[in-house]
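**Student:** To start, I am sharing the structure in question, which I have written as C-alpha cells.
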C-alpha cells in the first residue's frame, strides 16, 4: 500500500461486511494494522476460525459480529451499537453470494435469496450507517457491484441483476450526498480468485488474487474515486462488449457459455 493510502486509512473507524473470505478478508488484513477500530461483519461460522488466524499477525484485534445482513433487526442493532461507540469513517458494504440460475430450469427460491443478500442486505447495511454519517457530516461509503453488470450473461440473471441494483443505488447516493461531506465509491471487480469464482474457467490473465484486488480497492478509495474497476484486462473487455451489436454479443456470449 502506498503512503497516501496508509495515511487515509490511518486512525479510521471502519466497518467491513463479508469480511471473512475473499476480498473482504484481504481488506481486513490490510486495514487492521492501520485503522483505529475495525468492525467485521459476516455470517459464516465455518470461516470464522480461518479469519481469526488470517488477522492474528496484527497486534490489533477486530470486533467481530457473526450475523446475516438479511436479518434487518439484528444487523441494525449491531450497527447502532457500533455507531454508538465510535464515529464511523468508512463502510465497505462488501457482503454477497453467488447464484447461477438458468431460465431453462429456473430456481425462484435461489434467485430470491441472491437478491435478498446482494441488494436488500446491502441496503440494510448502508442506510443505518449513512444516517450516522449524515449526522456527523462526514464519512465514506464503499459498495461492491461487478464488472458483469453492463450486459446480460448466461445463467447470471439473479446475481448481476442484484449487482446492477447496487451500482444504480450507489450512483444515486453519490448524487444526493455530493454536498454532505460524504464520499461514495462503487467497486466493479471482474474475476477475483475466491470461492465465488472457483468454478469459472477464466484465463489466468483475467483472474486477480484477493490480495491484489484489495490493494487496487484501497488505492482507489484513498483517492476518493467514484468508481474503481479491475482488473484492467476485464475493464477493456467490458468496454468493447458494450459497443458490440446485439447479434454479435449474443453469438460470443453463448459460445463462451457453451450453449
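Residue numbers (the working numbering): 4 to 262.
Every residue, glycine too, gets a C-beta built ideally from N, C-alpha and C.
Note that the coordinates shown come from a computational prediction; the quantities given were computed from them, not determined experimentally.
Three-state secondary structure (DSSP) at residue 85?
**Tutor:** Counting from 1 along the chain shown, the entry for residue 85 is found at position 82. Helix.
**Student:** Counting only the same chain and skipping the five closest in sequence on each side, list residues whose C-beta sits under 7 Å from that of residue 256.
**Tutor:** Taking the first residue of the chain shown as position 1, residue 256 is located at position 253. 156, 157, listed in sequence order.
**Student:** So, with DSSP's three-state summary, where would you put residue 187?
**Tutor:** Position 184 of the chain shown, counting from 1, holds the residue named residue 187. Residue 187 falls in the strand class under three-state DSSP.
**Student:** What's the call for residue 221, buried or exposed, on a 16-neighbour Cβ count within 10 Å?
**Tutor:** Here residue 221 corresponds to residue number 218 of the chain shown, with the count starting at 1. When all chains shown are included, residue 221 counts as buried.
**Student:** With DSSP run on the structure shown, which of helix, strand or coil describes residue 131?
**Tutor:** Translated into the one-based positions of the chain shown, residue 131 becomes position 128. Three-state result, residue 131: helix.
**Student:** Straight-line CA distance for residue 65 to residue 161?
**Tutor:** If you number the chain shown from 1, residue 65 lands on position 62. If you number the chain shown from 1, residue 161 lands on position 158. Rounded to the nearest angstrom, the two C-alpha atoms are 33 Å apart.
**Student:** Suppose you measure from the CA of residue 48 to the CA of residue 250; what does that come to, to the nearest Å?
**Tutor:** As a working mapping, residue 48 is identified with position 45 in the chain shown. As a working mapping, residue 250 is identified with position 247 in the chain shown. Their backbone Cα atoms lie some 46 Å apart in a straight line.
**Student:** How far does the alpha helix (DSSP H) with residue 112 in it extend, from its first residue to its last?
**Tutor:** Here residue 112 corresponds to residue number 109 of the chain shown, with the count starting at 1. Counting along the chain, the alpha helix (DSSP H) containing residue 112 begins and ends at 111-118.
**Student:** When the Cα atoms are used, what is the spatial distance from residue 98 to residue 178?
**Tutor:** Counted from its first residue, the chain shown places residue 98 at position 95. Counted from its first residue, the chain shown places residue 178 at position 175. About 23 Å.
**Student:** What are the partner residues of residue 96, as DSSP defines its beta bridges?
**Tutor:** Here residue 96 corresponds to residue number 93 of the chain shown, with the count starting at 1. 146.
**Student:** For residue 59 versus residue 23, is the C-beta distance shorter than 8 Å?
**Tutor:** As a first step, residue 59 is located in the chain shown; it is residue number 56 there, counting from the start. As a first step, residue 23 is located in the chain shown; it is residue number 20 there, counting from the start. Result no, Cβ atoms of residue 59 and residue 23 do not sit closer than 8 Å.
**Student:** Taking residue 18 as the reference, give the member of 8, 61, 9, 67 with the closest Cα.
**Tutor:** Counting from one through the chain shown, the residue named residue 18 turns up at place 15. The candidate whose alpha carbon is nearest that of residue 18 is 67.
**Student:** State the DSSP-derived secondary structure class of residue 156, mapped to helix, strand or coil.
**Tutor:** For the purposes of this step, residue 156 is taken as residue 153 along the chain shown, with counting starting at 1. Reduced to three states, the DSSP call for residue 156 is coil.
**Student:** Evaluate residue 85 with the Cβ neighbour count: other Cβ atoms within 10 Å of its Cβ, from every protein chain shown; 16 or more gives buried, anything less gives exposed.
**Tutor:** Translated into the one-based positions of the chain shown, residue 85 becomes position 82. Buried is the call here.
**Student:** Quick check on this structure: which residue in 261, 71, 143 has the alpha carbon closest to the alpha carbon of residue 44?
**Tutor:** As a working note, residue 44 is residue 41 in the chain shown. Ranking 261, 71, 143 by Cα distance to residue 44 puts 71 first.
**Student:** In three-state terms, what does DSSP make of residue 213?
**Tutor:** Counting from 1 along the chain shown, the entry for residue 213 is found at position 210. Looking at residue 213 - three-state DSSP - the assignment turns out to be helix.
**Student:** Using C-beta distances below 7 Å, list every residue in its chain close to residue 90, excluding the 5 sequence neighbours before and after it, in chain order.
**Tutor:** The sequence position of residue 90 within the chain shown is 87, counting from 1. So the list reads 16, 139, once near-sequence residues are dropped.
**Student:** If you draw a straight line from the alpha carbon of residue 246 to that of residue 134, how long is it in whole angstroms?
**Tutor:** In the chain shown, residue 246 corresponds to position 243, counting from 1. In the chain shown, residue 134 corresponds to position 131, counting from 1. The straight-line gap from Cα to Cα measures roughly 39 Å.
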